[in-house]
Amino acid sequence: MCIGVPAEVMEISGEEARVNVMGAGMTAGIVFVPEVKVGDFVLLHAGQAMAVIDRTYAEESIAEWRRVLDGRDEFLY
Amino acid sequence: MCIGVPAEVMEISGEEARVNVMGAGMTAGIVFVPEVKVGDFVLLHAGQAMAVIDRTYAEESIAEWRRVLDGRDEFLY
Amino acid sequence: MDVMNFYTDPAVIRSSVEKVKNAARDFRNQHQRVPVIMEVCGSHTMAFARSGIKTALKDDVNLIAGPGCPVCVTDQKAIDAMIGLAGKQDTILCTFGDMMRVPGSRRSLVDARTEGKDVRVVYSPVDSVTIAERNPEKEVVFLGIGFETTIPLLAMAVRKAERLNLKNYSVWMTTKLVEPVLRTLLDSGEAEVDGFLLPGHVSVVSGEKSYRFLTAEYGLPGVITGFEPVQLLSGTYKLVRMLREGKHAVVNDYRSVVGQSGNQIAQSLMTTYFTFSDEEWRGMGAIPASGLVLKEAYAAFDAKRRFNVTVPPQRKTACRCGEIIKGRIAPEDCALFGKGCTPVNPVGPCMVSTEGTCAAHYQYMREE
Amino acid sequence: MDVMNFYTDPAVIRSSVEKVKNAARDFRNQHQRVPVIMEVCGSHTMAFARSGIKTALKDDVNLIAGPGCPVCVTDQKAIDAMIGLAGKQDTILCTFGDMMRVPGSRRSLVDARTEGKDVRVVYSPVDSVTIAERNPEKEVVFLGIGFETTIPLLAMAVRKAERLNLKNYSVWMTTKLVEPVLRTLLDSGEAEVDGFLLPGHVSVVSGEKSYRFLTAEYGLPGVITGFEPVQLLSGTYKLVRMLREGKHAVVNDYRSVVGQSGNQIAQSLMTTYFTFSDEEWRGMGAIPASGLVLKEAYAAFDAKRRFNVTVPPQRKTACRCGEIIKGRIAPEDCALFGKGCTPVNPVGPCMVSTEGTCAAHYQYMREE
Amino acid sequence: MKRISLAHGEGGELTERLITEVFVKAFGNEAHAAYDAAVLESAGSTLAITTDSFVVKPLFFPGGNIGTLAVTGTINDLAVSGAVPLAMTAGFILEEGFPLSDLKAIVSAMASEAEKAGVAIVAGDTKVVAKGEADGVFINTAGIGQVYGGNGGKIREGDKVIVSGTVGDHGIAILSARNELGLLSDVKSDCASLHPMLSNITYGLSGVRIMRDPTRGGLATALVEICEHHRVTVELEEGAVPLKREVEGACDILGFDPLYLANEGKALFVADEKDAEQILERLHREEKGKDARIIGRVTEAVSAGRLLMRTAAGSTRRLHRLSGLILPRIC
Amino acid sequence: MKRISLAHGEGGELTERLITEVFVKAFGNEAHAAYDAAVLESAGSTLAITTDSFVVKPLFFPGGNIGTLAVTGTINDLAVSGAVPLAMTAGFILEEGFPLSDLKAIVSAMASEAEKAGVAIVAGDTKVVAKGEADGVFINTAGIGQVYGGNGGKIREGDKVIVSGTVGDHGIAILSARNELGLLSDVKSDCASLHPMLSNITYGLSGVRIMRDPTRGGLATALVEICEHHRVTVELEEGAVPLKREVEGACDILGFDPLYLANEGKALFVADEKDAEQILERLHREEKGKDARIIGRVTEAVSAGRLLMRTAAGSTRRLHRLSGLILPRIC
Ligand code: SF4
Ligand code: SF4
Ligand SMILES: [Mg+2]
Ligand SMILES: [Mg+2]
Ligand SMILES: [Mg+2]
Ligand SMILES: [Mg+2]
Ligand SMILES: [Mg+2]
Ligand SMILES: [Mg+2]
Ligand SMILES: [Mg+2]
Ligand SMILES: [Mg+2]
Ligand SMILES: [Mg+2]
Ligand SMILES: [Mg+2]
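Chains as they are written, first to last, in UniProt numbering: chain A, 1 to 77; chain B, 1 to 77; chain C, 1 to 368; chain D, 1 to 368; chain E, 1 to 331; chain F, 1 to 331.
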């Protein structure tokens with residue numbers, strides 16, 4: 001349930017951060033992601049950052065899916 | 001200071017009366033004129049009847065002033 | 001009422017005007033000057049101006065307005081305090097319409113309303129009690145301005161609030177009485193008048209005999225007068241006749257409603273709730289026992305005891321209302337009249353009260 | 001984020017659709033029927049419909065919506081109670097936008113607003129705390145609906161109200177948990193599904209391992225899936241592949257945000273403020289420990305303890321939301337769909353919640 | 001749907017329904033409602049254009065409602081400008097929660113008033129604001145008309161001033177209906193469309209200098225404006241202005257001057273002496289003109305622009321624009 | 001006088017001053033202001049008439065204010081109707097206490113916007129309501145224009161749909177300025193007058209079937225209305241509708257669909273294939289048309305009237321009118 005959007009962290013101040021979604025901003029709580037750094041992308045949900053988006057995994061997923069589309073699906077489960 | 005208007009008493013109920021000025025009505029207090037009767041004219045001032053208008057005196061005044069205008073001013077002071 | 005037709009009949013008015021003029025000319029022949037008559041009541045001032053009688057008589061009778069506009073005679077500090085009340089939180093300020101545009105040193109009640117304060121115009125003081133009943137979570141304050149005509153109505157309002165056991169209703173009393181101010185005026189020697197047209201409706205309450213001091217102590221005549229055109233003319237005529245004949249009685253020319261002793265019930269209600277107070281008058285300073293305030297026993301309904309209003313220093317203006325209410329000058333003698341001061345941008349209360357002398361002149365007598 | 005472009009690239013989407021179709025056809029060849037997949041999450045339902053993927057796959061994959069719309073799974077009595085709260089004097093009711101048009105037995109929150117009640121839509125639960133701070137003379141109640149994604153935000157709101165020491169803030173909790181409802185569904189035998197697309201954002205909070213029971217106890221596969229078109233297709237593909245190959249693992253296809261154990265801080269905040277409660281589910285009755293409510297220590301923030309709402313008997317309608325959320329029927333199977341029931345005149349919550357299955361079908365899949 | 005909700009103003013499905021089920025149904029302007037603008041043909045090339053917003057309180061009062069006023073007000077502005085009303089637009093601002101039944105009553109009054117006057121309501125708009133951000137409903141109407149009136153020439157000394165009936169009825173009707181100052185009266189608002197009466201009455205007359213409808217600010221303000229704009233002096237006769245008894249009584253009680261009270265179905269004429277008699281005669285034949293009177297005359301055709309009142313005492317006094325609000329006097 | 005008081009709406013001296021010092025000064029319509037209606041000459045006989053009320057909140061926002069909108073909104077309704085705007089009326093409803101300086105700023109924006117578009121504001125009206133009975137200021141404008149546009153013929157299969165620029169800018173600008181949902185963006189409202197751009201762009205083209213300005217309800221609602229009224233099917237290409245990045249981001253955050261957000265300076269065209277290319281080319285030469293795109297086509301010239309979206313997944317889905325309020329989704 002509930003959609004989240006990837007938002008870039010522009011500025012951090014205490015328990016809050018200014019985040020940015022394609023140029024549209026918002027102040028988000030970052031209590032759930034204390035490790036977050038400026039420049040990170042977070043998953044923004046109703047005013048709170050719920051996760052820091054792991055770019056390595058994101059890129060891996062894409063690479064993996066490209067392989068699938070190319071007929072080389074070797075993923076594991 | 002303060003102007004009053006002659007209003008006819010149409011209906012009495014307790015400390016209040018329905019009064020009428022040329023067809024325009026209002027509910028007026030009659031605490032100051034307990035002697036008032038339906039059909040009387042009262043001097044209406046900001047929602048209270050301040051006096052019952054004495055018609056005899058009113059007519060006398062008019063008669064007197066008519067005499068004055070006719071050059072027969074014999075009033076006393 | 002049928003008698004009203006007589007009092008407003010154009011033909012009767014015209015011959016009455018002639019009658020007064022003739023009597024006044026006799027006086028002038030006798031004294032080489034026109035008679036000087038003060039109408040004490042602001043509603044008389046208005047009625048003279050509005051009916052055109054003042055203009056019609058202007059060459060023959062010098063009608064000067066007295067201290068009869070309740071808003072105008074009120075000291076600026078008291079006005080500022082009342083307007084200041086509008087700033088209180090959770091307060092509904094109720095007032096007669098007259099006060100709305102009266103200029104305080106900083107702003108008027110209209111300005112306060114415009115800024116979002118809850119200021120309401122009521123027709124009757126008793127209506128403000130109803131407002132208090134319907135708004136139990138708000139303080140409701142009525143601005144109790146007026147002379148003897150109005151004071152009994154304030155007593156009625158307090159009586160109603162008392163009976164309803166309201167805890168959120170009070171009256172800010174700045175009432176004035178006629179006798180003390182007339183005495184002060186006469187004692188000061190500032191009022192150069194030959195006689196008085198006496199306030200008809202004040203007299204309904206206080207009675208004919210309340211003016212005995214005029215003849216007894218000051219040797220001046222007076223006529224208790226009504227407000228319709230013919231009544232104004234009749235009263236003026238009788239006064240001029242007395243002047244011509246050197247008489248100085250108090251004549252009751254309004255006997256249909258004014259009795260010898262006035263309205264006893266009104267007087268006793270006033271005595272029940274109120275007691276004398278020294279009041280500040282515009283341009284005259286404090287006059288002892290010239291007003292009424294709530295008795296100690298009714299302190300709960302006394303807005304002055306319940307609320308604290310700090311009044312910053314008054315703004316100094318060139319307004320001459322103080323002299324106007326004493327009959328020393330006419331509005332046209334004020335440099336601001338019709339220029340810096342108009343009903344839309346009033347400088348003094350005389351320009352906006354419906355009984356103000358400057359308002360009467362501006363509205364009904366200004367040709368410009 | 002640049003990776004987003006990949007996930008929404010039309011060319012990628014089209015070849016992904018083909019990929020899924022091919023895999024599904026393999027399954028069909030194997031089983032003589034299409035695979036039946038339940039997307040547990042209402043946002044998945046919406047995303048499938050809106051992106052056109054559901055339509056594109058309709059001949060090859062039977063995608064059925066599960067109990068994943070938080071408003072829709074809420075029992076009618078609880079909905080009526082929440083709407084009833086709007087009637088309280090001096091109360092500001094705050095809610096997510098979804099609740100506004102949900103039909104109660106008598107009226108909706110939009111109706112309550114229209115009648116003059118103070119009902120406000122907020123973007124974040126924490127915003128409702130700010131409203132409480134700014135309106136100390138009012139009671140502010142937030143309608144706390146949601147699954148694991150939203151519950152940590154409710155904890156954040158209570159935490160903020162606690163820190164600000166607010167006395168006028170409370171949350172009306174009717175939260176739901178994913179695991180108990182899936183278990184109930186599977187135990188009842190009503191869900192004839194081959195596998196699950198698992199809710200991406202719930203998983204962010206609860207973690208990959210929270211779905212182990214699916215494989216361990218029910219022998220069913222699941223894929224944790226994101227919400228962009230290509231993510232939806234990738235998740236579906238992996239699930240179909242598992243079905244084809246007879247595997248039943250829980251695959252995390254959303255590793256960029258979903259970890260093994262979920263968000264520890266969110267979980268610990270939930271544990272701090274909340275405790276398990278039995279909740280009534282629409283069409284399913286009470287499920288033990290299937291929701292969270294405020295702990296005794298935080299009773300001051302618990303709207304249910306602070307306010308008493310009497311709920312008259314529920315209106316009976318022909319709405320089949322209860323079956324829809326269990327995946328038993330599709331919206332088109334309801335006789336009211338698109339006729340007596342439309343987003344403008346909804347009969348059930350499924351027609352108005354932005355994650356409601358009927359809403360998704362009405363908005364994005366209806367050709368009529 | 002019993003009450004208006006914010007969604008009725010969002011331009012989507014509910015707006016469409018409101019338009020179809022309420023406005024189009026009443027105004028019968030289906031052909032126009034689908035477009036951004038209505039299109040119509042006009043025969044002449046001289047157009048009169050006017051607009052007014054209506055915020056009257058209460059919305060319903062003896063003699064009409066805000067809808068009646070919104071239509072007659074704009075029709076009258078065109079009519080006194082010597083124009084045949086061609087078409088009107090109507091813009092509604094509704095407060096969230098406004099009862100649909102009231103809206104329907106208002107819209108139906110508009111439709112019937114427009115029909116009576118032969119005017120089409122061709123374009124409209126509806127906005128909804130949150131509870132507490134408006135007061136029930138506000139209506140704006142704009143109208144265009146085709147000017148037929150010839151030029152009546154410059155105002156001259158000796159021209160007469162005519163009013164088509166009693167003044168202040170609308171003002172007192174509203175005040176009574178508002179129930180604030182305790183006034184009880186049966187006075188009905190005079191709100192009525194003056195078209196086509198005015199075109200009949202002025203037909204063939206070449207000496208009609210000017211027509212006005214003395215609405216807000218009353219007879220006195222309208223005449224002051226005429227005097228100032230045309231730089232003439234007008235003298236009214238005290239007592240000549242027709243007044244209903246109850247209106248006079250209400251004014252006495254509250255201290256109002258009826259010359260400053262609003263009228264919504266009266267016309268004011270300045271016309272040369274000869275035409276004035278004709279106008280009066282024609283007015284007296286109409287129901288809406290039966291109380292018409294000559295109330296004054298132009299005494300100076302070149303002046304600073306003054307309105308005077310000849311008092312019964314024989315003197316004149318000057319009348320000014322309404323200054324400030326009409327408020328009941330102190331006592 | 002720093003704030004509007006009730007007396008400014010009573011029709012007396014203060015109303016006169018407000019008109020003279022604020023409205024006449026800005027609009028320069030002195031000759032008209034003295035009368036009940038303005039009079040003007042029109043050359044042609046086919047007139048377009050429209051009205052809109054404006055209740056936008058906040059009154060001032062990046063890219064304009066309520067006054068800008070009130071003028072451009074009405075001009076655009078005339079412009080998309082193929083008319084040259086001739087004149088406008090403006091009705092103001094002011095809340096007691098409204099700052100005069102704000103009113104002046106609004107009125108001056110109206111004047112400059114009207115001047116830019118070459119349209120005269122010829123008639124006006126001002127009402128004042130008590131504090132709490134309105135929300136600052138509401139403005140109604142009505143406009144009349146002279147129709148020049150030839151008939152572009154019936155919509156045919158293969159006709160193209162063009163939008164003149166990015167959609168949703170106004171909606172997001174207002175939402176950000178309103179500061180309620182925490183949205184921070186630099187998006188400016190697109191509010192602008194489309195006249196005379198539209199008359200230049202369509203000049204000499206015979207295949208322009210219809211123009212619309214997709215305001216409230218957005219692009220989708222406007223197109224649904226076209227489809228329903230003309231009983232055609234239009235198919236939009238997903239991703240073809242031009243969008244500003246921030247608008248897309250804001251929609252992602254709040255769960256809005258940009259196709260339903262208001263625009264105040266965009267035009268929508270349905271035109272035959274050949275003219276569509278011409279329109280696009282001409283648009284691209286204009287500042288306001290630089291982001292114009294062909295976003296879809298007419299796939300059925302006779303149908304029940306449906307708007308479809310061809311998704312990236314290859315399927316189509318139907319688009320409907322905005323239903324209910326735009327509200328941020330639960331989560
Ligand atoms: S004209 Fe104005 S300033 Fe002068 S005395 Fe009168 S009120 Fe005062
Ligand atoms: S279509 Fe309406 S009535 Fe039917 S199940 Fe869905 S929400 Fe319920
Ligand atoms: Mg439009
Ligand atoms: Mg008008
Ligand atoms: Mg008009
Ligand atoms: Mg519109
Ligand atoms: Mg209201
Ligand atoms: Mg007019
Ligand atoms: Mg429009
Ligand atoms: Mg328009
Ligand atoms: Mg007007
Ligand atoms: Mg407001």
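Ideal Cβ positions, reconstructed from N, Cα and C, are used throughout, including at glycine.
Distance from the Cα of T55 of chain C is smallest, within the candidate group E:A130, E:S42, E:T316, for E:T316.
Within chain D, the residues placing a beta-carbon under 8 Å from that of K131 of chain E are R113, T114, G116, ordered along the chain.
Contact annotation: L40 of chain E and V122 of chain E have beta-carbon atoms nearer than 8 Å. If you check the C-beta of D52 of chain E against ligand 11, you find a heavy atom less than 7 Å away.
For T141 of chain F, the shortest separation between its Cβ and any heavy atom of ligand 3 does not lie below 7 Å. Taking 8 Å as the threshold, the shortest C-beta distance from A313 of chain F to chain D falls below it. Remark: the shortest separation between the CB of D213 of chain F and any heavy atom of ligand 6 does not fall under 7 Å. Residues of chain B with a Cβ closer than 9 Å to the Cβ of S15 of chain C are, in chain order, L69. Checking the 7 Å criterion, the Cβ of D169 of chain E is out of range of every heavy atom belonging to ligand 6.
Remark: the C-beta of D36 of chain F is in contact range of ligand 8, defined as less than 7 Å to any heavy atom.
L43 of chain A is bridged by DSSP to A:P6, A:A51. Per DSSP, the unbroken beta strand (DSSP E) holding D118 of chain D starts and ends at 118 to 121.
One finds V344 in chain C with Cβ atoms closer than 9 Å to the Cβ of L14 of chain F, taken in chain order. Residue C:R244 holds the alpha-carbon nearest to the alpha-carbon of N29 of chain C among C:S277, C:N252, C:R244. When DSSP reads this structure, E279 of chain C sits in a beta bridge with C:I287. Residue-level contact by beta carbon holds for E96 of chain E and chain D, with a gap shorter than 8 Å. In terms of side-chain proximity, the C-beta atom of D125 of chain E is found nearer than 7 Å to a non-hydrogen atom of ligand 6. By the criterion of a C-beta distance shorter than 6 Å, G235 of chain D is surrounded in its chain by L197, V223, T225, D253, once the five residues flanking it on both sides are discounted. Put simply, the CB of D252 of chain F is near chain A, with a gap under 8 Å to one of its CB atoms. The DSSP-derived three-state label of R33 of chain D is coil. Under the rule that a run must span 3 or more residues, the beta strand (DSSP E) segments found entirely inside the region 27 to 108 of chain E read 38 to 41, 46 to 54, 83 to 95. Taking 4 residues as the shortest admissible run, the UniProt domain "PurM-like C-terminal" (156 to 301) of chain F contains the following complete alpha helix (DSSP H) segments, listed from N- to C-terminal end: 169 to 178, 197 to 202, 218 to 230, 245 to 254, 273 to 284.
In the DSSP assignment, R318 of chain E falls within the unbroken beta strand (DSSP E) covering 316 to 319. For I325 of chain D, the three-state secondary structure derived from DSSP is coil.
Of all residues in the region 24 to 58 of chain A, only A24, G25, M26, T27, L44, H45, A46, G47 come within less than 8 Å of chain F when Cβ atoms are compared, listed by chain position.
The beta-bridge partner set that DSSP reports for V250 of chain C consists of C:G222. The residue from D:T174, D:R163, D:V129 with its alpha-carbon nearest to that of E148 of chain D is D:T174. If you ignore the 5 residues before and after P125 of chain D, its C-beta comes within less than 6 Å of the C-beta of F142, L153, L154, A157, all in its own chain and listed in chain order.
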